[in-house]
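Peer 1:
There are 2 protein chains.
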Amino acid sequence: MIKGVLIDLSGVLYVGDAALPGAAEALERLEAAGLPVRFVTNTTRKTKAALLAQLRGLGLPVAAEDVFTPAQAACDWLAAEGYAPHLLVHPGLEPDFADCATEGPKAVVLGDAGEFFDYARLNAAFRAIAGGAPFLALAANRVFKDADGELSMDAGAFVAALEYASGVKAELLGKPAPAFFAAAAASMGVELAQVAMIGDDAEADVAGALAAGAGGGVLVRTGKYREGDETRVSPRPTAVVEDIAEAVELILR
Amino acid sequence: MIKGVLIDLSGVLYVGDAALPGAAEALERLEAAGLPVRFVTNTTRKTKAALLAQLRGLGLPVAAEDVFTPAQAACDWLAAEGYAPHLLVHPGLEPDFADCATEGPKAVVLGDAGEFFDYARLNAAFRAIAGGAPFLALAANRVFKDADGELSMDAGAFVAALEYASGVKAELLGKPAPAFFAAAAASMGVELAQVAMIGDDAEADVAGALAAGAGGGVLVRTGKYREGDETRVSPRPTAVVEDIAEAVELILR
């Protein structure tokens, strides 16, 4: 019995600058059915506010309180543990850390800084970690589809670089960290075992959620999905469907 | 019976801007004894010519043909395999690749580019590797002692980043790659089993050479040596001595 739904954003609700057909209606159906939803994304190049504006511009009915980002998980972690952030993130994401402490011991927070990954910033983060600062990673994705249509290096490569130099393993806060899925479920007031995850990434979205204990994992054949992705991951998806519309149909049945 | 000697440079013959006491005399003793020598270094921020000028400025009698660098190993590899280099190295090292092919398929060659490691250069190398270019690493050191006395990220961190993003393992050409030690021995016309390596890095120099099949590995207590380094590596050094003078004394006895 599914009592809550986690939905990835890019590749599930939209691709590039266009909402996917039936995405808006699928979200409306979930709301009409009274099923709580959280949108979970590893995108860390823009603030939550900018993300919401983008979704609304695409005609997608997404409420601010339903978007759950790794930056938010990091802010919660920093507040709970008593650290100020040493940020190595895209400038577009920095405002999401505006309410964090600025004094006291620092924890390194690494996101997809893109072109802002340079030697000086990486080495400053390395020295902080080597000096004992906790090391938090908002994401550890290997690659992403860049604006020119080619794959480019994602945050995970730079996590690997800092781990290699420092000998310290990063604590991953985004997908597929079990704690991230659990926190998203908890924010809906339901057990992760009663939650279904819908995503286009067979590994980080679907297998990740199932491994963390989600009740279901539905892989959509949109976005970054490639034929046979479901056979290359463990655990296998609960279901593989055409798109978000079919995923919601399946969950509501 | 030792018939050839491999010697690391920084930390063994000199530290910073000063030759170590007895280093020049030790090299003269080896030459007088007719023992062939190769100087092997993972330093990849300057050309071999610049390195030689530095050594001579320190009063160290080092012949050009006795210096064996990973850049040279890379040039040999590129010529043998029929590739042109896609360089991600420090500009100071680029002249060492001046004689390489410029046309034809490319192989990525990564060295310690220092501040020249930026997102655009790393991503260009990633795309080449993802597109099938062989991936050669001149070194895979984790950290080095920087000009300000603190540790900084070395080439190995960026090798790790590219390996993580591409899923391709780099072929290491510098120490402690067995092929590097073997090629240095071969260039002296002796078997590696008849060669002794002298270094201040218990892992990359001494254990690396022994693991590759060197007849002896002598660790000196100068440079980056820290008390107890010899107990943290496998295989253990054949001998641990004060400095290059004592190492040569031992080998000639």
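If you're matching them up, the sequences are chains F and D in order. Under the numbering used here, think of the first position of the first sequence as 1, with each following residue one higher. Under the numbering used here, think of the first position of the second sequence as 1001, with each following residue one higher. Don't be surprised by glycine CBs; every beta carbon is placed ideally from N, CA and C. Everything numeric in this text was worked out from a predicted model, so none of it was measured.
Going along chain F in order, which residues have a C-beta closer than 8 Å to the C-beta of Asn-1123(D)?
Peer 2: Ser-152 and Met-153
Peer 1: Leaving out five residues on either side along the sequence, give the residues of the same chain with a beta carbon under 7 Å from the beta carbon of Val-12(F).
Peer 2: Ile-198, Gly-199, Asp-200, Val-220, Thr-222, Gly-223 and Ile-244
Peer 1: Taking CB distances under 7 Å as the criterion, tell me whether Phe-1039(D) reaches chain F.
Peer 2: Any Cβ of chain F closer than 7 Å to the Cβ of Phe-1039(D) would place that residue at the interface, and such an atom is absent.
Peer 1: Taking all protein chains shown into account, do 16 or more other C-beta atoms lie within 10 angstroms of the C-beta of Gly-1114(D), making it buried, or fewer, making it exposed?
Peer 2: So Gly-1114(D) counts as buried.
Peer 1: Within 10 Å of its beta-carbon, does Lys-1169(D) have 16 or more other beta-carbons around it, so buried, or fewer, so exposed?
Peer 2: exposed
Peer 1: Leaving out five residues before and five after Leu-87(F) in sequence, what residues of the same chain have Cβ atoms less than 7 Å from its Cβ?
Peer 2: Excluding residues within five positions, the ones whose Cβ falls inside 7 Å are Glu-94, Phe-97 and Val-109.
Peer 1: Pick helix, strand or coil for Lys-48(F), following the three-state DSSP scheme.
Peer 2: helix
Peer 1: Going along the chain, which residues of its own chain have a beta-carbon closer than 6 Å to the beta-carbon of Lys-175(F), five neighbours each way excluded?
Peer 2: Exclusion of the five residues before and after Lys-175(F) leaves Asn-42, Ala-204 and Gly-208 as the residues of its chain whose Cβ lies within less than 6 Å of its Cβ.
Peer 1: Check whether chain D comes within 7 Å of Ala-255(F), counting only Cβ atoms and requiring the distance to be less than that.
Peer 2: As displayed, chain F neither begins before 1 nor continues past 253, which places residue 255(F) out of reach and without an answer.
Peer 1: For Ile-198(F), report the span of its beta strand (DSSP E) as first-last.
Peer 2: 195-199
Peer 1: Quick check: Met-1188(D) and Arg-1045(D), are their CB atoms within less than 7 Å of each other?
Peer 2: no
Peer 1: Could you give the first and the last residue of the continuous alpha helix (DSSP H) run that contains Ala-1084(D)?
Peer 2: Counting along the chain, Ala-1084(D) falls outside any alpha helix (DSSP H), though it belongs to the beta strand (DSSP E) covering 1084-1088.
Peer 1: Can the beta-carbon of Leu-136(F) be found closer than 7 Å to that of Ala-212(F)?
Peer 2: no
Peer 1: How about Val-206(F) and Pro-237(F): are their beta carbons less than 7 Å apart?
Peer 2: yes
Peer 1: Can you list, in chain order, the residues of its chain with a C-beta nearer than 6 Å to that of Arg-121(F)? Leave out the 5 residues immediately preceding and following it.
Peer 2: Leu-88
Peer 1: When burial is assigned at 16 or more other CB atoms within 10 Å of the CB, is Glu-163(F) buried or exposed?
Peer 2: buried
Peer 1: Using 10 angstroms around the beta-carbon of Ala-1018(D), count the other beta-carbons present and answer buried if the total reaches 16, otherwise exposed.
Peer 2: exposed
Peer 1: Let me check one thing: in DSSP terms, what residues is Met-153(F) bridge-paired to?
Peer 2: Answer is Val-143(F).
Peer 1: When the distance is taken between beta carbons, is Pro-70(F) closer than 7 Å to Ala-256(F)?
Peer 2: Residue numbering for chain F in the displayed model covers 1 to 253; residue 256(F) lies beyond these limits and cannot be assessed.
Peer 1: Could you pull out every residue in the same chain whose Cβ sits closer than 8 Å to the Cβ of Glu-1081(D), ignoring the five residues on either side in sequence?
Peer 2: Ala-1107 and Pro-1134
Peer 1: Return yes when at least one heavy atom of the ligand ADP lies under 6 Å from the C-beta of Ala-214(F), else no.
Peer 2: The model depicted lacks the ligand ADP and carries no ligand whatsoever.
Peer 1: For the beta strand (DSSP E) that contains Arg-1232(D), what are its first and last residues?
Peer 2: Careful: Arg-1232(D) lies outside any beta strand (DSSP E) and carries neither H nor E.
Peer 1: Compare the C-beta of Leu-201(F) against all C-beta atoms of chain D and say whether one is closer than 7 Å.
Peer 2: The sequence given here places Asp at residue 201(F); Leu does not occur at that position. Output row for Asp-201(F): interface = no.
Peer 1: Using the Cα positions of Ala-202(F) and Met-153(F), report the straight-line distance between them to the nearest angstrom.
Peer 2: The C-alpha of Ala-202(F) lies about 19 Å from the C-alpha of Met-153(F).
Peer 1: Here's the rule: buried if 16 or more other CB atoms are within 10 angstroms of the residue's CB, otherwise exposed. What is Asp-1148(D)?
Peer 2: exposed
Peer 1: Short check: CB of Ala-1155(D) to CB of Ala-1165(D), under 7 Å?
Peer 2: no
Peer 1: Are the C-beta atoms of Val-143(F) and some chain D residue less than 7 Å apart?
Peer 2: yes
Peer 1: Which residues in the same chain as Asp-112(F) place their Cβ atom closer than 7 Å to its Cβ, once the five residues preceding and following it in sequence are excluded?
Peer 2: Within the same chain, Asp-112(F) has close Cβ partners Thr-44, Arg-45, His-90, Ala-139, Asp-154 and Ala-155.
Peer 1: Does any residue of chain D have a CB that is nearer than 7 Å to the CB of Glu-115(F)?
Peer 2: yes
Peer 1: Could you please give me the residues that DSSP links to Ala-1239(D) through a beta bridge?
Peer 2: Val-1218(D)
Peer 1: List the endpoints of the continuous alpha helix (DSSP H) containing Arg-1121(D).
Peer 2: For Arg-1121(D), the enclosing alpha helix (DSSP H) stretches over residues 1119-1130.
Peer 1: Using a beta-carbon distance cut-off of less than 7 Å, what residues from the region 1202-1222 of chain D approach chain C?
Peer 2: Absence of chain C from the displayed structure is noted, the protein chains being F and D.
Peer 1: So, are the CB atoms of Val-1218(D) and Ala-1247(D) less than 7 Å apart?
Peer 2: yes
Peer 1: CB Val-240(F) to CB Glu-227(F), shorter than 7 Å?
Peer 2: no
Peer 1: Applying a beta-carbon distance threshold of less than 8 Å, which residues of chain F neighbour Gly-1156(D)?
Peer 2: Tyr-164 and Ala-165
Peer 1: Would Ala-71(F) count as contacting chain D if we go by Cβ distances under 7 Å?
Peer 2: no
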